[in-house]
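**Student:** Attaching a single structure in structure tokens format; questions to follow.
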Amino acid sequence: MDDEYISAEEAAALLGVSVTTLYAYVSRKGLRSQPVPGSRSRRYWRDDVERLRRKGRQPTFAPGELQRESRLTLLTEHGPYYRGRSAAELAETSSIEAVAALLWDVEEEKAFTARAPRRPAHFAELDALLAGEAAVDRAVAHLPFLEHANAHAHDLTPIGMARSGADIIRWLTAIFLRRSEPSVQPIHEQFGAALRLEPAVTDLVRRLLILGADHGFEEGTYAVRALASTGVTPWRSVAAGLMIHAGRSSKFGHSLAARQFVAETIEATDPEEPIARRMREHEPLPGFESRLYAGGDPRACALVDYCDAALGDDPAYARFRHALRYAEDVLDRKPAFSLLSAFVTARIGLAGDAALHGPSATQSPFLIGRAIGWIAHASEQYQLGEAGRRELVYKGPLPAIA
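For reference, each letter of the sequence shown is one residue, going 2 to 403 in the working numbering.
So this is what it looks like as structure tokens:
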């Protein structure tokens with residue numbers, strides 16, 4: 002074991018520094034050492050020295066390492082920009098499919114073909130077993146079998162991953178709408194037809210999915226990119242993203258509170274009461290937090306502006322809007338995008354109910370939009386090359402010098 006340690010002079014030579022600088026590395030860079038019995042000198046753990054030497058000559062990101070640099074989405078005070086184009090402006094006129102193609106950097110027609118994805122042989126049986134589960138949990142269960150049924154799922158070229166992406170989005174839509182077959186019709190039109198939505202509400206779904214498609218390197222995206230770096234297909238990367246968003250105890254794990262708040266406001270005789278009650282009881286007000294946007298989330302503002310114009314006579318929206326104004330007037334709080342997502346989910350009838358006994362009860366169509374961004378991140382990460390085995394820096398006690 003003694004050969005795992007080297008002298009101060011050897012360590013300094015390997016690092017190209019003086020012995021004095023080496024001593025400073027003990028506190029500044031975590032270089033560990035052990036005293037030599039019967040001597041005032043110390044010997045240094047070789048692995049620490051080698052780690053520091055490699056770190057000194059590597060770029061900030063090694064090839065294949067999970068990147069925090071991306072060509073996909075720029076976050077600004079005016080909201081996200083997808084490959085240089087404002088998400089808010091895209092939501093005004095673009096289809097969900099066109100925005101997906103933009104993020105995937107392919108032509109829309111090459112990804113969203115007229116061919117519907119194949120259905121696994123036992124899809125109906127599995128779906129029947131999952132009938133009491135929420136949409137996100139049914140999707141996670143189905144995705145590996147859907148991957149297996151579509152052989153081109155393993156085409157990991159950019160266009161191949163985009164085609165798989167289109168299949169995934171179409172299948173997620175079918176699962177959320179409890180359809181046994183995917184459709185090639187535009188995603189928002191499928192929601193409109195299946196749920197018998199008014200045209201204005203159908204368009205609201207389109208806007209929600211576009212505005213929520215990507216929002217930088219958040220936790221779900223990290224999980225997606227980590228899996229993509231190992232060479233798995235987009236089907237499994239998206240499954241990871243869904244599990245993160247449905248299960249973790251963070252802002253997405255708190256979505257139940259936002260859904261409950263929306264339900265209370267749109268059903269209340271006095272929409273101010275759900276807010277006033279939380280103030281009296283010193284409870285947090287869910288759905289009004291935004292770590293990135295001090296002046297309010299531009300995506301939420303875009304949806305509110307649209308609803309003001311298109312749903313002004315809608316009773317549920319009128320009560321919800323009254324609550325938003327009250328929160329801003331009394332608490333100077335503006336809604337986060339998650340709160341608008343919860344409202345849209347409730348307004349189209351997918352808010353979930355007590356009969357859903359799965360672990361998440363998440364029904365929001367927002368996740369279909371976010372899956373578009375995950376597929377873009379999976380493709381971008383995979384094209385950088387597999388990350389391979391990562392170095393583990395051991396921080397436990399070191400073996401003693403004999």
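For every residue, glycine included, the Cβ atom is placed at its ideal position computed from N, Cα and C.
To test your reading of the DSSP string, which unbroken alpha helix (DSSP H) runs of 4 or more residues are found completely within the segment 92-144?
**Tutor:** 97-105, 109-112, 124-130, all fully within the segment 92-144.
**Student:** Got a sec? Which residues, its chain only, sit under 6 Å from Gly370 by beta carbon, not counting five neighbours each side?
**Tutor:** Translated into positions along the sequence shown, residue 370 becomes position 369. The answer, listed in chain order, is Leu210, Gly213, Ala214.
**Student:** Could you tell me the distance, in whole angstroms, from the CA atom of Glu93 to the CA atom of Asp106?
**Tutor:** The sequence position of residue 93 within the sequence shown is 92, counting from 1. The sequence position of residue 106 within the sequence shown is 105, counting from 1. Rounded to whole angstroms, Glu93 to Asp106 spans 20 Å at the Cα level.
**Student:** Under three-state DSSP, which class holds Ala63?
**Tutor:** Counting from one through the sequence shown, the residue named residue 63 turns up at place 62. Any answer about Ala63 is weak, because its pLDDT of 47 lies below 50 and its placement is not dependable; what the coordinates show is given next. Residue state, collapsed to three classes: coil.
**Student:** What is the rounded straight-line gap between the Cα of Leu104 and the Cα of Gly350?
**Tutor:** For the purposes of this step, residue 104 is identified with residue 103 of the sequence shown, where counting begins at 1. For the purposes of this step, residue 350 is identified with residue 349 of the sequence shown, where counting begins at 1. Straight-line Cα distance between these residues: approximately 29 Å.
**Student:** Using the rule of at least 16 other Cβ atoms within 10 Å of the residue's Cβ for burial, across every protein chain shown, is Gln384 buried or exposed?
**Tutor:** Along the sequence shown, read from residue 1 onward, the residue named residue 384 stands at position 383. Classification of Gln384: exposed, given that the 10 Å Cβ count is below 16.
**Student:** Closer than 6 Å by C-beta to Ser291: which residues in its own chain qualify, once you throw out the five before and the five after it? Chain order, please.
**Tutor:** Position 290 of the sequence shown, counting from 1, holds the residue named residue 291. For Ser291, where only same-chain residues beyond five positions count, the Cβ hits under 6 Å are Asp298, Ala337.
**Student:** Can you tell which of Pro275, Ala227, Leu368, Leu341 has its C-alpha closest to the C-alpha of Ala379?
**Tutor:** The sequence position of residue 379 within the sequence shown is 378, counting from 1. Considering only alpha carbons, the answer is Ala227.
**Student:** Touch check for the segment 142-162 and the segment 73-91: three-plus C-beta pairs under 8 Å?
**Tutor:** no
**Student:** CA-CA distance, Met244 and Gly397?
**Tutor:** To locate residue 244, count along the sequence shown from 1; it is residue 243. To locate residue 397, count along the sequence shown from 1; it is residue 396. Taking the straight line from one Cα to the other gives about 32 Å.
**Student:** State buried or exposed for Val411, treating a residue as buried only when at least 16 other CB atoms are found within 10 Å of its CB.
**Tutor:** In this structure the chain extends from 2 to 403, so residue 411 is not present and cannot be described.
**Student:** Do you know offhand how far Ala317's Cα is from Pro159's?
**Tutor:** Start at 1 with the first residue of the sequence shown, and residue 317 comes out as number 316. Start at 1 with the first residue of the sequence shown, and residue 159 comes out as number 158. Taking the straight line joining both Cα atoms gives about 43 Å.
**Student:** Checking the sheet assignment: what are the DSSP bridge partners for Tyr6?
**Tutor:** Numbered from its first residue, the sequence shown carries residue 6 at position 5. Paired residue(s): Trp46.
**Student:** If you measure between the beta carbons of Leu53 and Leu32, is that distance less than 8 Å?
**Tutor:** Counting from one through the sequence shown, the residue named residue 53 turns up at place 52. Counting from one through the sequence shown, the residue named residue 32 turns up at place 31. Yes, Cβ-Cβ distance for Leu53 and Leu32 is below 8 Å.
**Student:** For Gly386, list the residues DSSP reports as bridge partners.
**Tutor:** Counting from one through the sequence shown, the residue named residue 386 turns up at place 385. DSSP, once it has assigned bridges, lists no residue as partnering Gly386.
**Student:** Just verifying my parser: in three-state terms, what is the DSSP assignment at Thr231?
**Tutor:** Along the sequence shown, read from residue 1 onward, the residue named residue 231 stands at position 230. Coil, per DSSP.
**Student:** Do you know whose CA, among Val345, His155, Pro38, lies nearest Ile402's CA?
**Tutor:** Numbered from its first residue, the sequence shown carries residue 402 at position 401. For the residues Val345, His155, Pro38, the minimum Cα distance to Ile402 belongs to Pro38.
**Student:** If you compare alpha carbons, which of Ala295, Ala140, Glu78, Ile276 is closest to Ser365?
**Tutor:** Here residue 365 is taken as the residue at index 364 of the sequence shown, counted from 1. Residue Ala140 is the option with its Cα nearest to Ser365.
**Student:** Taking just the CA atoms, how far does Ala224 sit from Phe253?
**Tutor:** Residue mapping note: residue 253 aligns to position 252 of the sequence shown, counting from 1. Residue mapping note: residue 224 aligns to position 223 of the sequence shown, counting from 1. At Phe253 the pLDDT is 48, less than 50, meaning the model places this residue with poor confidence; the figure from the coordinates comes in the next sentence. Rounded to the nearest angstrom, the two C-alpha atoms are 14 Å apart.
**Student:** Please list the segments of the alpha helix (DSSP H) lying wholly inside the segment 280-335, counting only runs of 4 or more residues, in order along the chain.
**Tutor:** 299-311, 316-332
**Student:** Exposed or buried, which one is Val239 when buried takes at least 16 other CB atoms within 10 Å?
**Tutor:** Your numbering for residue 239 matches position 238 in the sequence shown. Residue environment for Val239: buried (at least 16 other C-beta atoms within 10 angstroms of its C-beta).
**Student:** Compare the C-alpha of Arg208 against each of Ala229, His189, Ala129, Thr222 and name the closest.
**Tutor:** Along the sequence shown, one-based indexing puts residue 208 at 207. Of the candidates Ala229, His189, Ala129, Thr222, the one whose C-alpha sits nearest the C-alpha of Arg208 is His189.
**Student:** Report buried or exposed for Thr266, applying the criterion of at least 16 other Cβ atoms within 10 angstroms of its Cβ.
**Tutor:** On the sequence shown, residue 266 is found 265 positions in, with the first residue counted as 1. When all chains shown are included, Thr266 counts as buried.
**Student:** Buried or exposed: Lys56, going by 16 or more other Cβ atoms within 10 Å of its Cβ?
**Tutor:** Translated into positions along the sequence shown, residue 56 becomes position 55. Exposed.
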